[in-house]
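Every letter in the sequence shown is one number past the one before it in full-length UniProt numbering, and letter 119, counting from 1, is 119.
Every residue gets a Cβ at the ideal spot worked out from N, C-alpha and C, and that includes glycine.
Source: prediction; values computed, not measured.
Here's the structure, in structure tokens; my notes come after.
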Amino acid sequence: MGCPLAGGVGTRDYAMHRKRSHGGLHLLGTAAALVAALVTGEGRAQEQELRPRQEREQEWQQSPWSYALSESPPLRFNESSRFNVLATRNPGYPRAEGERMVLVPENRSGAAGAIFLNNQPVQAPFAVQFDFNTYNRKGGGPWDTGDGLVLMFGRRPLSRRDVLPTGSGRAFVTDGSGYGVHVALYGEERGLILTDGTGRALATRRNPAVYTHDRWATLRVEVERDGIRVYLDGALQIDWRGQVNSSFTGLGIGAATGDANALHAIRDLRLALQPRSPPRPPGPPPPLPPDSSPDGNLLINGDFEQPALRRGSFQSMGELPGWRRAAGRTIELQNNVAGSAAQGAQLVELDGQDNTTLLQDVSTRPGAEYELRLAFSARPGTDARDNGLEVLWNGEVLTRLEASGQKLSDTAWTYVVLRVRADGPSSRVELRDVGRSTGSGTYVDDVSLRQVSGGRGPRR
Numbered sequence: 001m002g003c004p005l006a007g008g009v010g011t012r013d014y015a016m017h018r019k020r021s022h023g024g025l026h027l028l029g030t031a032a033a034l035v036a037a038l039v040t041g042e043g044r045a046q047e048q049e050l051r052p053r054q055e056r057e058q059e060w061q062q063s064p065w066s067y068a069l070s071e072s073p074p075l076r077f078n079e080s081s082r083f084n085v086l087a088t089r090n091p092g093y094p095r096a097e098g099e100r101m102v103l104v105p106e107n108r109s110g111a112a113g114a115i116f117l118n119n120q121p122v123q124a125p126f127a128v129q130f131d132f133n134t135y136n137r138k139g140g141g142p143w144d145t146g147d148g149l150v151l152m153f154g155r156r157p158l159s160r161r162d163v164l165p166t167g168s169g170r171a172f173v174t175d176g177s178g179y180g181v182h183v184a185l186y187g188e189e190r191g192l193i194l195t196d197g198t199g200r201a202l203a204t205r206r207n208p209a210v211y212t213h214d215r216w217a218t219l220r221v222e223v224e225r226d227g228i229r230v231y232l233d234g235a236l237q238i239d240w241r242g243q244v245n246s247s248f249t250g251l252g253i254g255a256a257t258g259d260a261n262a263l264h265a266i267r268d269l270r271l272a273l274q275p276r277s278p279p280r281p282p283g284p285p286p287p288l289p290p291d292s293s294p295d296g297n298l299l300i301n302g303d304f305e306q307p308a309l310r311r312g313s314f315q316s317m318g319e320l321p322g323w324r325r326a327a328g329r330t331i332e333l334q335n336n337v338a339g340s341a342a343q344g345a346q347l348v349e350l351d352g353q354d355n356t357t358l359l360q361d362v363s364t365r366p367g368a369e370y371e372l373r374l375a376f377s378a379r380p381g382t383d384a385r386d387n388g389l390e391v392l393w394n395g396e397v398l399t400r401l402e403a404s405g406q407k408l409s410d411t412a413w414t415y416v417v418l419r420v421r422a423d424g425p426s427s428r429v430e431l432r433d434v435g436r437s438t439g440s441g442t443y444v445d446d447v448s449l450r451q452v453s454g455g456r457g458p459r460r
């Protein structure tokens, strides 16, 4: 049944153990060759020595695939059109049961089951992550565990005419072009095996923790153009370097058992097609202008004159002096492009690419009152639904503005003056575009915040 790993039982012992499996006897030659490859070190296996657990888990978290996978929603097993299901002596399974997919239930022997993504080709780089459970109510000794699971991806999509290997085959259908990441469970030697599409071992990692019994474990496979990494519960197990085939049309997860009655189930299956880094945390709030500023405006760059652009030009940027972007892909600054500014030469368009939110934190005196003033205009030639602005103070919406620019040949600025009170030593001004996200609309300019009364203690 279970396939021995490097440093484990030899070919003779493997054949003795194999007699206990009723499934997949036709794979004995392939399995024996795999054992020989593992024992002699045949192939390009490059295994990375295990480092301290904390260091390995930190590497898992630092991988650019971690954020990409966390942002990818789990695939819904109950969406039957999303998956192709294959089985060998496994009637009624694989089957979705709540949030999990049972590949092989406990009451099966000599059975196999697999699910494949339907019409979902993948191309390196990509990453797959899922939880798996290999429960056996007998207690799950090394000979009562089932044979294991496999994540497989190849160039040939499988059909119902394909027969899934049982026993030590772990439902892995060799197509000669892809790869398999095997979770080997049976026998004293348990661990992970990376094979090519013929079943030849490329790398192995002995690890008894692959048998989970009554808990869930997490397997992650990161496929790059120059190699494949395999993680188990945050710890790097296999780091194989070699040229990877560029594209695959068959991506699936299978499981199989011989004599042992053991559950093989998965959950929280995620697929990411591009690595992504998490957004940078917001930086410290901008420095406060001195009290002696000529106009008393506490906001930095409220007239949007920085950075200076040449007349008739615009620029999409990630940030502006004094302002932070809380939503939207970019901030669009304009200098007499589609309308003139309310003050100076420049204005900001809050729907330059999509709905954008700008904010600025300022130091205030608790209890003091301030005057928040700004100019708002529709973009000439746009509908009223494209020009919507919410003004917020410490997260509370003070007003919502809307205007039509369909009959305008130039901007038509409306000034709004709001009285606000500071509750603490720091307050936030927020400008949020709430119109349709069309890439045009919602002009803002000449924003100011000035203290008009009171306050306790010095302004920080």
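Item to check | Integer-rounded CB distance, given that Val362 should sit under 8 Å from Leu298 | outcome: As a working mapping, residue 298 is identified with position 298 in the sequence shown. As a working mapping, residue 362 is identified with position 362 in the sequence shown. The pair is a contact, with the Cβ atoms about 5 Å apart (cut-off 8 Å).
Item to check | Contact under 9 Å by Cβ, Arg170 with Gly254 | outcome: As a first step, residue 170 is located in the sequence shown; it is residue number 170 there, counting from the start. As a first step, residue 254 is located in the sequence shown; it is residue number 254 there, counting from the start. Cβ distance < 9 Å, so Arg170 and Gly254 count as in contact.
Next on the checklist: Which residue marks the beginning of the beta strand (DSSP E) containing Tyr179, and which one marks its end?
Outcome noted: Indexing the sequence shown from 1 puts residue 179 at position 179. Run containing Tyr179: 179-184, per the beta strand (DSSP E) assignment.
Next on the checklist: By the DSSP assignment, the alpha helix (DSSP H) with Ala68 in it spans what residues?
Outcome noted: Here residue 68 refers to the residue found at position 68 of the sequence shown. It spans 64-71 - the alpha helix (DSSP H) in which Ala68 sits, taken as one unbroken run.
Checklist entry - Between the beta-carbon of Val210 and the beta-carbon of Arg241, is there less than 9 Å? => result The count along the sequence shown starts at 1 and reaches residue 210 at position 210. The count along the sequence shown starts at 1 and reaches residue 241 at position 241. Contact: no.
Checklist entry - What are the boundary residues of the beta strand (DSSP E) that includes Ser427? => result The residue given as residue 427 occupies position 427 in the sequence shown. From DSSP, the beta strand (DSSP E) with Ser427 extends over 426-433.
Checklist entry - Quick one, which of Lys138, Arg206, Phe153, Gly187 has its alpha-carbon nearest His213's? => result Here residue 213 refers to the residue found at position 213 when the sequence shown is read from its first residue. The candidate whose alpha carbon is nearest that of His213 is Lys138.
Checklist entry - For Arg62, which of Glu222, Ser277, Glu402, Gly250 has the nearest alpha-carbon? => result To locate residue 62, count along the sequence shown from 1; it is residue 62. It is worth fixing the name first, because residue 62 is Gln in this sequence and not Arg. Nearest of Glu222, Ser277, Glu402, Gly250 to Gln62, Cα basis: Ser277.
Next on the checklist: Per the DSSP calculation, Ser81 is bridged to which residue(s)?
Outcome noted: The residue given as residue 81 occupies position 81 in the sequence shown. For Ser81, which the question treats as bridged, DSSP gives no partner whatsoever.
Next on the checklist: Under DSSP, the beta strand (DSSP E) around Gln335 begins and ends at which residues?
Outcome noted: Counted from its first residue, the sequence shown places residue 335 at position 335. Before going on, a small fix: residue 335 reads as Asn here, not Gln. Taken as a continuous stretch (DSSP letters only), the beta strand (DSSP E) holding Asn335 covers 331-335.
Checklist entry - Is the stretch 326-343 in contact with the stretch 373-381, if contact means three or more CB pairs nearer than 8 Å? => result yes
Checklist entry - Going by the beta-carbon positions, is the gap between Glu402 and Gly388 smaller than 9 Å? => result Position 402 of the sequence shown holds residue 402. Position 388 of the sequence shown holds residue 388. It is a contact, given that the beta carbons lie within the stated cut-off.
Next on the checklist: For Pro125 and Trp60, what's the separation of their Cα atoms in angstroms?
Outcome noted: Within the sequence shown, numbered from 1, the residue matching residue 125 stands at position 125. Within the sequence shown, numbered from 1, the residue matching residue 60 stands at position 60. For Pro125 and Trp60, the distance between alpha carbons rounds to 17 Å.
Checklist entry - If you pair each beta-carbon of the stretch 102-116 with each one of the stretch 263-272, do three or more pairs fall below 8 Å? => result yes
Checklist entry - For Ala265, which residues does DSSP report across the bridge? => result In the sequence shown, the residue the question calls residue 265 occupies position 265. Answer by DSSP bridge pairing, in chain order: Val102, Asn133.
Checklist entry - If we ignore side chains and look at the alpha-carbon of each, how far apart do Asn336 and Gly312 end up? => result Here residue 336 corresponds to residue number 336 of the sequence shown, with the count starting at 1. Here residue 312 corresponds to residue number 312 of the sequence shown, with the count starting at 1. Near 5 Å, if we compare the C-alpha coordinates of Gly312 and Asn336.
Next on the checklist: Within 10 Å of its beta-carbon, does Gly439 have 16 or more other beta-carbons around it, so buried, or fewer, so exposed?
Outcome noted: Residue 439 sits at position 439 when you count from the first residue of the sequence shown. Exposed, by the Cβ-count rule.
Checklist entry - Which residues does DSSP pair with Arg450 in a beta bridge? => result As a position in the sequence shown, residue 450 is number 450, starting the count at 1. Arg450 pairs with Glu371.
Item to check | Contacting residues, own chain, Cβ-Cβ under 8 Å from Ser397 (five flanking each side not counted) | outcome: By one-based count along the sequence shown, residue 397 stands at place 397. Going by the sequence as given, residue 397 is Val instead of Ser. Excluding sequence neighbours, Val397 sits near Glu390, Val391.
Checklist entry - Just reading off the beta strand (DSSP E) that Thr93 is part of, what are its end residues? => result Walking along the sequence shown from the start, residue 93 turns up at place 93. The amino acid at residue 93 is misidentified as Thr; the sequence shows Tyr. Careful: Tyr93 lies outside any beta strand (DSSP E) and carries neither H nor E.
Checklist entry - How long is the line joining the alpha carbons of Leu288 and Ser427, rounded to whole angstroms? => result In the sequence shown, residue 288 corresponds to position 288, counting from 1. In the sequence shown, residue 427 corresponds to position 427, counting from 1. With a pLDDT of only 45 at Leu288, under the threshold of 50, the placement of this residue in the model should not be trusted; the figure read from the coordinates follows. Near 12 Å, if we compare the C-alpha coordinates of Ser427 and Leu288.
Checklist entry - Buried or exposed: which applies to Ala308, given that a residue is buried once 16 or more other Cβ atoms fall within 10 Å of its Cβ? => result By 1-based counting over the sequence shown, the position of residue 308 is 308. By the 10 Å Cβ count, Ala308 comes out exposed.
Checklist entry - DSSP three-state call for Gly169: helix, strand or coil? => result Taking the sequence shown and counting its residues from 1, the one referred to as residue 169 is at position 169. DSSP places Gly169 in helix when its eight states are reduced to three.
Checklist entry - Shortest alpha-carbon distance to Asn245 belongs to which of Gly234, Pro142, Gly227? => result Stepping through the sequence shown from its first residue, residue 245 is reached at position 245. Here the closest residue by C-alpha is Gly227.
Item to check | Every unbroken beta strand (DSSP E) inside the stretch 344-425 [3 residues or more] | outcome: 346-349, 357-363, 369-377, 388-393, 396-402, 414-421
Item to check | DSSP-derived helix/strand/coil call for Gly41 | outcome: The count along the sequence shown starts at 1 and reaches residue 41 at position 41. Summary for Gly41: the model assigns pLDDT 36, below 50, so the residue's position carries little reliability, and this model does not support an answer.
Checklist entry - Does the beta-carbon of Asn78 have 16 or more other beta-carbons within 10 angstroms, so that it is buried, or is it exposed? => result Along the sequence shown, one-based indexing puts residue 78 at 78. Asn78 comes out exposed.
Checklist entry - Pick from Ser316, Thr249, Ala326: whose alpha carbon is nearest that of Gln123? => result Taking the sequence shown and counting its residues from 1, one reaches residue 123 at position 123. Per the Cα distances, Thr249.
Checklist entry - Is Pro165 closer than 9 Å to Thr257 when the C-beta atoms are compared? => result If you number the sequence shown from 1, residue 257 lands on position 257. If you number the sequence shown from 1, residue 165 lands on position 165. Contact: no.
Item to check | Cβ-based neighbour list, Asp247, same chain, cut-off 8 Å, excluding 5 preceding and 5 following | outcome: Counting from 1 along the sequence shown, the entry for residue 247 is found at position 247. The identity of residue 247 in the sequence shown is Ser, whereas the question assumes Asp. Correct list, in chain order: Pro121, Val122, Gln123, Ala124, Arg155.
Next on the checklist: Cutting at 8 Å between CB atoms, please list the residues of its own chain near Glu305, excluding the five before and the five after it.
Outcome noted: For this step, residue 305 is matched to residue 305 along the sequence shown. Only Gly344, Ala345, Gln346 meet the Cβ criterion.
Checklist entry - DSSP puts Leu271 in a beta bridge; with which residues? => result In the sequence shown, residue 271 corresponds to position 271, counting from 1. Leu271 pairs with Val128.
Item to check | Residues bridged to Phe153 (per DSSP) | outcome: Position 153 of the sequence shown, counting from 1, holds the residue named residue 153. According to DSSP, Phe153 bridges with Tyr179, Leu251.
Checklist entry - If we ignore side chains and look at the alpha-carbon of each, how far apart do Ala412 and Asp386 end up? => result One-based indexing of the sequence shown puts residue 412 at position 412. One-based indexing of the sequence shown puts residue 386 at position 386. The alpha-carbon atoms of Ala412 and Asp386 are separated by roughly 15 Å.
Item to check | Presumed contact (8 Å Cβ cut-off) between Ser177 and Asp147, rounded CB distance | outcome: The sequence position of residue 177 within the sequence shown is 177, counting from 1. The sequence position of residue 147 within the sequence shown is 147, counting from 1. Actually they are not in contact, since the Cβ atoms of Ser177 and Asp147 sit about 24 Å apart, beyond 8 Å.
Next on the checklist: Among the candidates Met317, Tyr186, Arg324, Val223, whose CA atom is the shortest distance from the CA of Thr330?
Outcome noted: As a first step, residue 330 must be located in the sequence shown, where it is residue number 330. That would be Met317, whose Cα lies nearest to the Cα of Thr330.
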